[in-house]
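Residues in the sequence shown are numbered consecutively from 1, following UniProt numbering.
Ideal Cβ positions, reconstructed from N, Cα and C, are used throughout, including at glycine.
Structure first, commentary second.
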Amino acid sequence: MRRNHLIAAAGICLALIIYATLAKLAGRPALMGHAEAYSVVVIERFSAYGLLGFLLSFLLPGRVKLACAFVVAVAVGLEVLQAVTPDRDPRLIDVLQKAAGGTVGVLLAQTILAFLPRPPS
């Protein structure tokens with residue numbers, strides 16, 4: 001049952017990231033209003049992808065490369081898709097921030113998993 005909850009949480013997190021990335025600027029969710037400081041936007045990106053990486057890492061225990069590759073692929077893919085959205089602009093720095101957040105989330109979860117007791121075989 002716990003795995004189903006993780007799948008649902010990761011799916012919801014991914015859906016929210018997709019919406020926030022591809023929505024028009026006027027419809028984009030904002031943490032502190034539409035006049036956010038750039039540092040707040042960076043923290044939002046980093047945290048959202050960090051949470052996605054964290055959840056994926058618990059879904060794929062021991063598969064660090066796969067979880068990191070998935071998070072980086074989502075970051076790159078969504079940034080490329082922003083090129084087709086009229087009022088959004090893809091930037092390399094955004095991809096790097098998102099990929100870094102996702103990778104940190106994966107590594108944090110793997111560190112936690114290393115200290116959890118393993119179920120008996």
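Item	Value
Simplified DSSP assignment, three categories, for Lys24	coil
N- and C-terminal bounds of the alpha helix (DSSP H) containing Ala75	64-81
Backbone secondary structure at Arg45 - three-state DSSP	helix
Extent of the continuous alpha helix (DSSP H) to which Val84 belongs	Element bounds for Val84: n/a, residue is neither H nor E.
Residue from Arg91, Ala9, Thr85 with nearest C-alpha to Ile52	Note that residue 52 is Leu in the sequence shown, not Ile. The candidate whose alpha carbon is nearest that of Leu52 is Ala9.
Residue from Pro120, Ala75, Leu59 whose Cα sits closest to the Cα of Ser47	Ala75
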